[in-house]
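Data first, discussion second: the structure below is written as structure tokens.
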Ligand SMILES: CCC(=O)OC[C@H](C)CC[C@H]1O[C@H]2C[C@H]3[C@@H]4CC=C5C[C@@H](O)CC[C@]5(C)[C@H]4CC[C@]3(C)[C@H]2[C@@H]1C
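Numbering (the UniProt record's numbering), first residue to last: 1 to 420.
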């Protein structure tokens, strides 16, 4: 048995008794990624053309569908296009899912997608991502395209638990996508997932159960995920249905559109509630090349910026040098411990830079500027501290307290005049 699989076997034993806090896991070097989790929000917009598409969709004279329904179809296509980036990037580039670096409190990641459209109607799209909490780990992010007044903001925290062969992950948080010119906002929930292949030391992500996209115009998309693992059927499968509203979503035969296929491959679309034999291609994940984010060189980055802060650890991981990884990680961890101690001594706490934690106990549908409570109600979704996409009044809501939600602070962001 090679040393790698020996360490992997002992690692598997260690996670058998694992407690849910992913950062508590000391995984062997070959499973470590040199990338921090604070970088992951970039996967929301590697297809900027699809992200901005609704801005360029108008009502045509001979249209059957209302323009808001056409926008809903375009938003669903953009959402499906994000999944391959979100959940397959590491497997494609590193040969399998890896354990990302656990971001320190205040860690920042900034990047830009420049306008590569023929029409030059896009303008630049900026990403700001900030580790707003370390215990529990929470990443907040905003992706903003000022030219078309389009802003995606959201936050993500994960809780995980082992089953016999897979690591089960529940995502907390959601995303809000606002097209200010269209006066439309979309609430997007985050699907449960599990990591398969851990016993074979070739982990990969499978999405499961459901996620939702609720439009302020009333339309709702219900996306159901399934994966057949190694031995049979197709992995990364989904079926999505768009309904006039969540009431009609109780009856699948009322679907206005049905989309089905693989989110990491080809999916097709038909009008109505079944996929017709002549269904057209909805999206082909292998046809459209992802546009990677551009990130300024490390020497131009500030001390809180991820790739500069983790540079020595990332180099040690790439060199597979376990002692150096441990040594360089300890330097960062000790610095963080000193910072927390000093804050405690000064009776202060870390101030988040571009995101505010909003307490929703005191907010109502009318006072919540983001429209989140209204959208959650339209989709019968809970806005308490439960896994993303939990239905209102579901058993999982029992005992859950009202949650606070992280919101992008546009003024602080604009005032900071960050370099991208
Ligand atoms: C079993 C413990 C262990 O460390 O095994 C190592 C294995 C690589 C499995 C654990 C890690 O797997 C990684 C996959 C990560 C998720 C991938 C994509 C996303 C989407 C993004 O929008 C938000 C973050 C999220 C959910 C990542 C969260 C962290 C995950 C589960 C990593 C696990 C530590």
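Note that beta-carbon positions come from the ideal geometry of N, C-alpha and C, so glycine has one too.
- Taken in chain order, the segment 147 to 191 contains no complete alpha helix (DSSP H) segment of 4 residues or longer.
- Residues of the same chain with a CB within less than 8 Å of the CB of residue 207, apart from the 5 flanking positions on each side, are 83, 87, 191, 192, 193, 225, 227, 236, 238 and 263 in chain order.
- In this structure, the CA atom of residue 57 is about 19 Å from the CA atom of residue 271.
- For ligand 1, a non-hydrogen atom lies closer than 6 Å to the CB of residue 27.
- With contacts defined by Cβ atoms closer than 7 Å, residue 142 and residue 408 form a contacting pair.
- Listed in chain order, the non-local C-beta contacts of residue 96 below 6 Å within the same chain comprise 202 and 203, local neighbours out to five positions each way being set aside.
- A Cβ-Cβ contact shorter than 7 Å links residue 44 with residue 152.
- Per DSSP, residue 414 is not a residue of any beta strand (DSSP E); the alpha helix (DSSP H) it occupies stretches across 410 to 416.
- The straight-line gap separating the alpha-carbon atoms of residue 117 and residue 127 is approximately 18 Å.
- Contact between the segment 179 to 188 and the segment 59 to 79 is present: three or more C-beta pairs spanning the two stretches fall below 8 Å.
- Distances from the CB of residue 156 to the heavy atoms of ligand 1 include at least one below 6 Å.
- Here the distance from the Cβ of residue 195 to the nearest heavy atom of ligand 1 is below 6 Å.
- Not one heavy atom of ligand 1 falls within 6 Å of the beta-carbon of residue 103.
- The straight-line gap separating the alpha-carbon atoms of residue 14 and residue 7 is approximately 10 Å.
- Burial is judged here by how many other beta carbons sit within 10 angstroms of a residue's own beta carbon; residue 20 has fewer than 16 and is exposed.
- The bridge partners DSSP lists for residue 39 come to none.
- Per DSSP, residue 372 is not a residue of any beta strand (DSSP E); the alpha helix (DSSP H) it occupies stretches across 372 to 378.
- The nearest non-hydrogen atom of ligand 1 is 6 Å or more from the C-beta of residue 192.
- Among the bridge pairs identified by DSSP, residue 211 is matched with 223.
- Between residue 329 and residue 28, the alpha-carbon positions lie close to 14 Å from each other.
- A check of alpha carbon separations from residue 139 across 101, 149, 162 and 89 identifies 101 as the nearest.
- Closest in alpha carbon position to residue 50, among 276, 391 and 148, is 148.
- Setting aside the 5 residues that flank it on each side, residue 74 is surrounded in the same chain by 50, 53, 54 and 57, each with a C-beta closer than 8 Å to its C-beta; the list follows chain order.
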